[in-house]
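Chains as they are written, first to last, in this note's numbering: chain A, 440 to 660; chain B, 440 to 660; chain C, 13 to 276.
Here a beta-carbon is modelled for each residue, glycine too, at the ideal position from N, C-alpha and C.
In what follows, a single structure is set out as structure tokens and then discussed.
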Amino acid sequence: MNEPIDDLVRAVEATLFASEAPMSVEQLSTHLGQADVRSALLQLQTHYAGRGIHLVQRGGRWHFQTAPDLAHLLRREREEPRRLSRAATEVLAIVAYHEPVSRAQIEAIRGVQTARGTLDVLMEAGWVRVAGRREVPGRPVIYATTPEFLSHFGLGSLRELPGIDELRAAGLLDPVDDDMIEAALGPSHAGGQSADEAELDRSATGPGQHDDRVASSNESA
Amino acid sequence: MNEPIDDLVRAVEATLFASEAPMSVEQLSTHLGQADVRSALLQLQTHYAGRGIHLVQRGGRWHFQTAPDLAHLLRREREEPRRLSRAATEVLAIVAYHEPVSRAQIEAIRGVQTARGTLDVLMEAGWVRVAGRREVPGRPVIYATTPEFLSHFGLGSLRELPGIDELRAAGLLDPVDDDMIEAALGPSHAGGQSADEAELDRSATGPGQHDDRVASSNESA
Amino acid sequence: MELPLDPDNSWDAGAQPAAGQDALHLDIDGWEGPLDLLLDLARRQKVDLRRISILELVDQYLTYIDQAEALRLELAADYLVMAAWLAYLKSALLLPRDEQEDPSPEELALRLQMRLQRLGAMREAAGRLMGRDRLGRDVFLRGGPEGLRVDRKNLWQCTWFDVIRAYGDVKVRSEPVVHMVRERMVMTLDSAISRVSSMLGVAIDWMDLRDFLPPAHDAWANPQLRRSALASSFVAALELARTGKAEIAQEDTFGPLRLKAIRP
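Here you go:
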């Protein structure tokens, strides 16, 4: 019934099935005695394309997952994953589309201060990580997405973010330089603190203190 | 490339894939709206028969598992080259020259205590084995080399190990100066003791010590 | 304007009951700051954000703030600051140009529009992101993976030369330090006794012990041998005194030892 399958293809198939985590080409190759697994991966991807299970690549790592159109069958009996607040989803989108970004840049785009807790939630979910510091005065921490972010949202890479090309073409993803931030923040932050002061305040009073406005509201709005 | 697959087959495939435990026909059927899943299961079983994963039924429950001939992929051994420590090399040499030897004898010859781990390493390497017990009080375990030892070091037999005279001729038994002796005897001997005192100290460390005198010394002067 | 305060919970608590301020219901809940409110007002113009009328937007915002104040809603300061800035922007846009001004009111309006577009784009992107087929919600990994295990195995390395060199080292190190006394010329006790007693036999008076030594020439010139002869002769003298064959006398400490035969 089936044509015989290449041994390497079988080995890649079995390895990815058994693995508890997505595997990069390098990891697979190491596990399989330095074999070149690329063509086997593509063969498998094609083979599974119409089936109930798909082989996908997310951020350079490969894994099997159920076909999206069968979600209705599988979602049943499973607890709905907790939903992120609108603030958190916005921050996540900003990190993903603009990465790496500092908190000040996130705040410049959103026009409000961002609770420390919001970024913590995204880091706890494993979608956002600290990606170092920007070498500008104050050396602000910068944030970026993780491979888990790509896996979770079914993205092969950040280039697959919805609408990213259009947004870039429209200049809406241009880096927000510090002067711009200052000018932009002018109106909404005129009453208050600089980002640094806010940061200091926040660390003194505990996380998330300032953000009455952020942690509220639902995504649907 | 692939013929279209029946929706029920796809659903069964995805459900079994995502399930944390094997599922019975009844469970599957319940999960999939009372569908008759038997034929789908058989189709899948046939489909996967030659692949890297198989669909198997155990005690009335179905699940995917790695093809038996690929089970070795689940538990890989990675060999990491490691250099034998100096202590282990010495113990190995002593076993080779004096086999069968007890641990006490090894210690007596080396003049220092030998960590149990050292012999374990040599046994892990496959070069030394337990060769029984010596029929003396305490019945100490005795150690000997293995055939792997000979083959690894390219020896036909232990007789091919160079003898004392050959070692001397090769300069491997050249006299060491006083500093080296003191270093070997440890710091307590640094203060210029007489040879006799040193001798007494040394004989306290264990039996077998003095036999070496026969094979040793440079009284030729 | 005060919203439920739940700073530590960025996860949506689910069905959030609407605040019970029915009397003040002005569709004001849920703004995340003035920019958020502006964006919502701009969306109500039902045109592309790139084509919104900033003047209209400013009016809407100011009206909104007026209403809120009329209802004695407590507005956060930044809403008021934004209102003041927008009022200034409006007047600047309407009044005759002041060429000196930089940035120009048009430039400021453009920046505001850009910020609204930027925020609008991210908000939309967030929605599309959340709507994707998400792992654990829409698509699933294998439920019971066997797992891959890599056992590390040490591949011990050692050469034949390492082994024999190690053995050589052990041998050299553990070899007892043997101090061999080189064979050398000595006067034995026996010969000293016979020499001393025979010389005593012919002596008449006290004799210095040193006079019993062989003459210091040839082999006996060797200082080591002379010392050996002296020592042996001394012991011989003691032995002869013990057996009652000789007398020993010494007048001062470290003075010459003198011997004399005891005649039976």
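Applying a beta-carbon distance threshold of less than 8 angstroms, which residues of chain C neighbour residue i?
i, result
"arginine 521 (chain B)", "Asn166, Leu167, Trp168 and Gln169"
"serine 676 (chain B)", "Any question about residue 676 (chain B) goes unanswered here, given that chain B covers just 440 to 660."
"tyrosine 536 (chain B)", "Tyr179"
"leucine 597 (chain A)", "Result: empty, since nearest Cβ-Cβ is about 11 angstroms, beyond 8 angstroms."
"leucine 531 (chain B)", "Cys170, Val175 and Ala178"
Between residue i and residue j, what straight-line distance do the alpha-carbon atoms span, to the nearest angstrom?
i, j, result
"proline 539 (chain B)", "tryptophan 566 (chain B)", "13 angstroms"
"glutamate 465 (chain B)", "aspartate 446 (chain B)", "18 angstroms"
"glycine 577 (chain A)", "serine 541 (chain A)", "11 angstroms"
"cysteine 170 (chain C)", "valine 551 (chain B)", "21 angstroms"
"methionine 126 (chain C)", "arginine 62 (chain C)", "8 angstroms"
"aspartate 264 (chain C)", "aspartate 220 (chain C)", "13 angstroms"
"leucine 594 (chain B)", "aspartate 174 (chain C)", "14 angstroms"
"asparagine 166 (chain C)", "alanine 450 (chain A)", "25 angstroms"
"glycine 498 (chain A)", "arginine 522 (chain A)", "23 angstroms"
"serine 590 (chain A)", "arginine 144 (chain C)", "11 angstroms"
"alanine 249 (chain C)", "alanine 273 (chain C)", "10 angstroms"
"aspartate 617 (chain B)", "leucine 561 (chain B)", "Confidence at aspartate 617 (chain B) is low in this model, with a pLDDT of 44, below 50, so its placement is unreliable and the value that follows should be read with caution. If I take the Cα positions, the gap works out to 32 angstroms."
"aspartate 48 (chain C)", "histidine 493 (chain A)", "40 angstroms"
"leucine 467 (chain B)", "threonine 454 (chain B)", "8 angstroms"
"histidine 511 (chain A)", "arginine 149 (chain C)", "10 angstroms"
"isoleucine 216 (chain C)", "arginine 270 (chain C)", "12 angstroms"
"proline 268 (chain C)", "phenylalanine 246 (chain C)", "12 angstroms"
"serine 458 (chain B)", "arginine 500 (chain B)", "12 angstroms"
"leucine 574 (chain B)", "threonine 557 (chain B)", "It should be pointed out that residue 574 (chain B) corresponds to glutamate in this sequence rather than to leucine. Distance between the alpha carbons of glutamate 574 (chain B) and threonine 557 (chain B): 24 angstroms."
"alanine 543 (chain B)", "glycine 610 (chain B)", "28 angstroms"
"threonine 485 (chain A)", "glutamine 496 (chain A)", "13 angstroms"
"glutamate 518 (chain B)", "serine 463 (chain A)", "21 angstroms"
"valine 93 (chain C)", "alanine 137 (chain C)", "29 angstroms"
"aspartate 559 (chain B)", "alanine 527 (chain B)", "9 angstroms"
Return the first residue and the last residue of the beta strand (DSSP E) that residue i is part of.
i, result
"alanine 231 (chain C)", "From DSSP, alanine 231 (chain C) is part of no beta strand (DSSP E); its letter is neither H nor E."
"arginine 63 (chain C)", "Taken as a continuous stretch (DSSP letters only), arginine 63 (chain C) belongs to no beta strand (DSSP E), as it is neither H nor E."
"valine 580 (chain B)", "580-584"
"glycine 489 (chain A)", "Here glycine 489 (chain A) belongs to no beta strand (DSSP E), and DSSP marks it neither H nor E."
"phenylalanine 503 (chain B)", "500-505"
"arginine 517 (chain B)", "514-522"
So, residue i versus residue j, is the Cβ gap smaller than 8 angstroms?
i, j, result
"glycine 549 (chain A)", "leucine 131 (chain C)", "In the sequence as presented, glycine is not what sits at residue 549 (chain A); that position holds arginine. Yes."
"alanine 258 (chain C)", "leucine 212 (chain C)", "yes"
"leucine 153 (chain C)", "phenylalanine 592 (chain A)", "no"
"proline 507 (chain A)", "valine 151 (chain C)", "yes"
"arginine 515 (chain B)", "histidine 470 (chain A)", "yes"
"leucine 51 (chain C)", "leucine 101 (chain C)", "no"
"leucine 606 (chain B)", "isoleucine 205 (chain C)", "no"
"glutamate 535 (chain B)", "threonine 584 (chain B)", "The sequence as given places alanine at residue 535 (chain B); glutamate does not occur at that position. Yes, Cβ-Cβ distance for alanine 535 (chain B) and threonine 584 (chain B) is below 8 angstroms."
"alanine 228 (chain C)", "methionine 197 (chain C)", "no"
"leucine 160 (chain C)", "leucine 513 (chain B)", "yes"
"leucine 98 (chain C)", "valine 70 (chain C)", "yes"
"proline 579 (chain A)", "arginine 572 (chain A)", "yes"
"glutamate 10 (chain C)", "leucine 74 (chain C)", "Nothing about residue 10 (chain C) can be reported from this structure: the residues present for chain C run from 13 to 276 only."
"glutamate 452 (chain A)", "leucine 481 (chain A)", "no"
"phenylalanine 588 (chain A)", "phenylalanine 503 (chain B)", "no"
"leucine 184 (chain C)", "isoleucine 533 (chain B)", "The amino acid at residue 184 (chain C) is misidentified as leucine; the sequence shows valine. Taking 8 angstroms as the Cβ cut-off, valine 184 (chain C) and isoleucine 533 (chain B) do not qualify as a contacting pair."
"alanine 564 (chain B)", "isoleucine 581 (chain B)", "no"
"arginine 135 (chain C)", "glutamate 529 (chain A)", "yes"
Since residue i is in the alpha helix (DSSP H), which residue starts that stretch and which ends it?
i, result
"glutamate 68 (chain C)", "66-82"
"arginine 549 (chain A)", "542-549"
"alanine 450 (chain B)", "446-457"
"glutamine 169 (chain C)", "Note, glutamine 169 (chain C): premise wrong, no alpha helix (DSSP H); beta strand (DSSP E) at 161-169."
What does residue i touch in chain A if you count any residue whose Cβ is under 9 angstroms from its own?
i, result
"leucine 471 (chain B)", "Leu512"
Interface residues of chain B around residue i at Cβ under 7 angstroms?
i, result
"aspartate 223 (chain C)", "Within chain B, no residue comes near aspartate 223 (chain C); the closest Cβ sits about 36 angstroms away, beyond 7 angstroms."
"proline 461 (chain A)", "The contacting residues do not exist; proline 461 (chain A) stays about 15 angstroms from chain B at best."
Which chain B residues sit within Cβ distance under 8 angstroms of residue i?
i, result
"tryptophan 172 (chain C)", "Phe592, Gly593 and Leu594"
Run through chain C and tell me which residues come within less than 7 angstroms of residue i, C-beta to C-beta.
i, result
"leucine 611 (chain B)", "Ile176, Arg177 and Gly180"
Can you pull the chain A neighbours of residue i, defined as C-beta to C-beta under 7 angstroms?
i, result
"leucine 131 (chain C)", "Ile548, Arg549 and Gly550"
"arginine 109 (chain C)", "Residues of chain A passing the Cβ test: none, with the nearest at roughly 20 angstroms."
For a test of your reading of the model: does the CB of residue i fall under 7 angstroms from any non-hydrogen atom of the ligand FAD? Yes or no.
i, result
"histidine 511 (chain B)", "This structure lacks the ligand FAD; in fact it carries no ligand of any kind."
Taking Cβ-Cβ distances shorter than 8 angstroms, what residues in chain A pair up with residue i?
i, result
"alanine 453 (chain B)", "Gly491, Ile492, Thr505, Ala506, Leu509, Leu512 and Leu513"
For residue i, return the contacting residues in chain C, with the cut-off set at a CB-CB distance below 9 angstroms.
i, result
"valine 560 (chain B)", "Asn166 and Trp168"
Identify each residue in the stretch 134-159 of chain C for which the Cβ-Cβ distance to at least one residue of chain B is less than 8 angstroms, and report them in chain order.
Phe152, Leu153, Arg154, Gly155, Gly156, Glu158 and Gly159
When Cβ atoms are compared, which residues of the stretch 478-508 of chain A fall closer than 7 angstroms to chain C?
His502, Phe503, Gln504, Thr505 and Pro507
Using a beta-carbon distance cut-off of less than 9 angstroms, what residues from the stretch 45-76 of chain C approach chain A?
Gly45, Pro46, Leu47, Asp48, Leu50, Leu51, Asp52 and Arg62
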